[in-house]
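Participant:
What follows is the structure, encoded as structure tokens:
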């Protein structure tokens, strides 16, 4: 085929487009169009080749032919896939906003009634609306950290693209990491604000379930961070200042992301951002989670929306680690210091952008304009710096975080919150507060004791009641302090305390009147908002407990006073009886005579008479007390003669000496090397076996126990303590036999208790 002969052909009327020539297959300098005709011996000037095209869907060209000229940004806005939602997002009510729902429903009902009946309810509607606005103001000016976290995660909160389209004059989105992937969770693009071009990049969450799945709930993969890195280099090359928007719970922590180098991508971004020669401003618009947020957050200035949060670990994760339960997330959120206000105090955030009451989703356009003002102001300041100053400014911002210098005086507002030295942290928590369930159990136990004492007519445990009242008062004070702090009244309370301290040292009555009005106003505000405090239920419970115990104490005190009066009255009646008076007068006469005599027998005889009269009076008084339904521990025991008292006292001393000798012998045996080794081995076995030891471990532990007991028994037997014990038992038995009835019982109980 290569040597095929071709007859010479003369070409006429060829054009420049026909002079495409080929050097292959032996054809040189021949127009391809003419060659097609010559090979078949046909010369046709009207010869054409038609290819039938397969019908396919028309390609959506990124530039819209019918771009609405009123759309901000013109045709450029059509390059983004982000469009306005066709349906209005459904309203979502957070848990702490539920008290507002009732007021809102009332307003709707009154308006509906006015529309249906045609009556004028304008005054009622205005009153309800004012009340609603005041309730919203009170609620949103005293938000707790966990409530701000919930607002930052609100499903209707405006996203990065919502804000960008509101603040830019022109905007075009750029895609791809130039490695084969475009992460939808990270959006980058170029836009202009007031004629100045910026590079925008940020985390993008979805506005509904479908978008959240597409955007991976705002959690970037390594491709997203590498796309952001590419745009950083692009902005640095062309001199575009960078604005980043942070709104992510964290980087996507799945297996594939780790395989693709999630940590390396974040670290590369961190290193690169510190070397960029253009100004960088970061804005936290929602939640900023850990390294996933910091990967685009190493900026010269970090701004935060009022209800945004920035954390190293979510409150739920922190609570699960420290308190083993996600239910402790409110406490974790408070301790983590993750809100804009706290981070601004710590100089991590450089500014707070205000939000409307109800959160950014209540008025997204107003929030975006406030953001625009703050960002432009920050950029104006940074653009005045030259490159070395800009890089040094960024480096120093992060180098100064957490720094301190010794020897500097502590600021008063910080000193108030500093913990005093030497105060131990109890096992019940940092504040030493008792859990509500444990406290309720203690109160119920004390109430049972008081009821039992009342039924058996014995004295109530007054000491326990006083201790419980003091404990409950302390708990209530702590609850009130926590409620004041949660309601945002802590600062005003401290100010009033200082003013009150000054007023006490001053004699100006006008200051006292003014201060009284302030106190009453603060008290009124506190009482109005107390029901909204997170610990309101716990405070009420403890107040009820305190009231019950105080009433029980009052009742028991009244009963004791009445009984004392009754007993004193009966005792006076006994002492006023003629026979008792005669006996006492006779004793007085004998005592006067004995004072003049030196006869010892007379003295001892007088002593016996006195003890006898005393015993008779005690027995009569015991009958009186028994008539009042009290149990009397033998009164006769108090009238024992001195010889019996001396005998029992001597036995008690001997028992105490024997106990001390036994303890010393046991201590000596335990300190011996053999027994000490066995005890250490027993401790090790018990610790290794745990709460559910197996049969072998049980046998070993039992054997060691028996060996230790045997060693102690041998040590006590060898020291002669057994003989001393038997001898002392005989003496005690003899003393008990010689004592009378109830006296013997008492002595026996006392001695047995002492010996035990």
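Numbering (our numbering), first residue to last: 782 to 1537. Here a beta-carbon is modelled for each residue, glycine too, at the ideal position from N, C-alpha and C.
(1) Can you look up residue 1064 in the DSSP assignment and give me helix, strand or coil?
(2) Using CA coordinates, which residue listed in 1310, 978 and 1003 is at the minimum distance from residue 964?
(3) Would you decide whether residue 1305 is buried or exposed? Buried here means 16 or more other CB atoms lie within 10 Å of its CB.
(4) Pull the bridge partners of residue 967 from the DSSP assignment, please.
(5) Looking at the unbroken beta strand (DSSP E) that takes in residue 954, where does it start and where does it end?
(6) What separation, rounded to the nearest whole angstrom, lies between the Cα atoms of residue 1144 and residue 1137?
(7) When burial is assigned at 16 or more other CB atoms within 10 Å of the CB, is residue 1014 buried or exposed?
(8) One question on the structure: do residue 966 and residue 996 come within less than 8 Å of each other, judged by their Cβ atoms?
(9) How many angstroms separate the CA atom of residue 899 from the CA atom of residue 883?
(10) Please state whether DSSP places residue 978 in a helix, a strand or coil.
(11) How would you label residue 1115, buried or exposed, when you count the other beta carbons within 10 angstroms and need 16 or more for buried?
(12) Leaving aside the five residues before and after residue 1061 along the sequence, list all residues of the same chain whose C-beta is less than 6 Å from its C-beta, in chain order.
(13) Which same chain residues, not among the five before or five after residue 1485, have their C-beta less than 8 Å away from its C-beta?
(14) Per DSSP, what kind of secondary structure is residue 1092 in: helix, strand or coil?
(15) So, residue 1096 versus residue 1075, is the Cβ gap smaller than 8 Å?
(16) According to DSSP, residue 1227 sits in a beta bridge with which residue or residues?
(17) If you compare alpha carbons, which of 1159, 1025 and 984 is closest to residue 1132?
(18) Classify residue 1166 as helix, strand or coil using the three-state DSSP reduction.
(19) Give the list of continuous alpha helix (DSSP H) stretches no shorter than 4 residues that lie fully inside the region 984–1014.
(20) Please report the distance separating the alpha-carbon of residue 1352 from that of residue 1403.
(21) Within the continuous beta strand (DSSP E) that includes residue 1028, where are the two ends?
(22) Kindly indicate which three-state DSSP category residue 1472 falls into: helix, strand or coil?
(23) By Cβ distance below 7 Å, which residues in the same chain neighbour residue 922 in space, the five residues on each side in sequence not counted?
(24) In the DSSP output, which residue or residues are listed as bridge partners for residue 940?
(25) Terminal residues of the continuous beta strand (DSSP E) containing residue 1083?
(26) Going by alpha carbons, who is nearest to residue 1033 out of 1057, 1018, 1026 and 998?
(27) So residue 933 and residue 1123 are in contact, right, with Cβ under 8 Å, and what is the actual spacing, rounded?
(28) In this structure, what does DSSP give as the bridge partners for residue 1120?
(29) Roughly how many whole angstroms lie between the Cα atoms of residue 896 and residue 912?
(30) Within 10 angstroms of its Cβ, does residue 984 collect 16 or more other Cβ (buried), or is it exposed?
(31) List the whole-angstrom C-beta distance separating residue 1084 from residue 1130, where the pair is believed to meet the contact cut-off of C-beta under 8 Å.
(32) Taking DSSP as the reference, what is the three-state secondary structure of residue 1129?
(33) With distance defined between alpha-carbon atoms, name the residue in 1348, 972, 1510 and 1322 nearest to residue 1253.
(34) Give me the Cα-Cα distance between residue 1562 and residue 1059, rounded to the nearest whole angstrom.
(35) I'd like the span of the alpha helix (DSSP H) that includes residue 879, first residue to last.
(36) With DSSP as the reference, identify every bridge partner of residue 1134, one or two as the case may be.
Facilitator: This is what the structure holds:
(1) In the three-state scheme derived from DSSP, where H, G and I count as helix and E and B as strand, residue 1064 is classed as strand.
(2) When each option's Cα is compared against that of residue 964, the closest is 1003.
(3) Exposed, since its Cβ has fewer than 16 Cβ neighbours within 10 Å.
(4) Residue 967 pairs with 984.
(5) The continuous beta strand (DSSP E) containing residue 954 extends over residues 951–955.
(6) If you take the alpha carbons of residue 1144 and residue 1137, they lie about 7 Å apart.
(7) So residue 1014 counts as exposed.
(8) Yes.
(9) Taking the straight line from one Cα to the other gives about 24 Å.
(10) Looking at residue 978 - three-state DSSP - the assignment turns out to be strand.
(11) Burial call: buried.
(12) If we look at residue 1061 and ignore the five residues flanking it on each side, its Cβ neighbours are 1023, 1080 and 1081.
(13) So the qualifying residues of the chain are 1459, 1462, 1463 and 1466.
(14) Strand, per DSSP.
(15) Contact flag unset, no.
(16) Answer is none; residue 1227 lacks a bridge partner.
(17) The shortest C-alpha to C-alpha distance from residue 1132 to any of 1159, 1025 and 984 is the one to 1159.
(18) Secondary structure at residue 1166: coil, using DSSP grouped into helix, strand and coil.
(19) Runs of the alpha helix (DSSP H) inside the region 984–1014: 990–995.
(20) Their Cα atoms are separated by approximately 10 Å.
(21) Run containing residue 1028: 1023–1029, per the beta strand (DSSP E) assignment.
(22) Reduced to three states, the DSSP call for residue 1472 is coil.
(23) Correct list, in chain order: 1269.
(24) DSSP, once it has assigned bridges, lists no residue as partnering residue 940.
(25) The continuous beta strand (DSSP E) containing residue 1083 extends over residues 1082–1086.
(26) Out of 1057, 1018, 1026 and 998, 998 has the C-alpha closest to the C-alpha of residue 1033.
(27) Between the beta-carbon of residue 933 and that of residue 1123 there is about 14 Å, and that puts the pair past the 8 Å contact cut.
(28) Beta-bridge pairing links residue 1120 to 1090.
(29) Their backbone Cα atoms lie some 21 Å apart in a straight line.
(30) Burial state of residue 984 is buried, judged by a 10 Å Cβ sphere holding 16 or more other Cβ atoms.
(31) Contact annotation, residue 1084 with residue 1130: C-beta distance approximately 7 Å; criterion of less than 8 Å satisfied.
(32) In the structure shown, residue 1129 sits in coil (DSSP, three-state: anything other than H, G, I, E or B).
(33) Checked all of 1348, 972, 1510 and 1322; the closest Cα to residue 1253 is 1322.
(34) Here the chain comprises residues numbered 782 to 1537, so residue 1562 is not present and cannot be evaluated.
(35) Looking at the DSSP string, the run of the alpha helix (DSSP H) that includes residue 879 is 879–898.
(36) DSSP output for residue 1134 lists 1086 as bridge partner(s).
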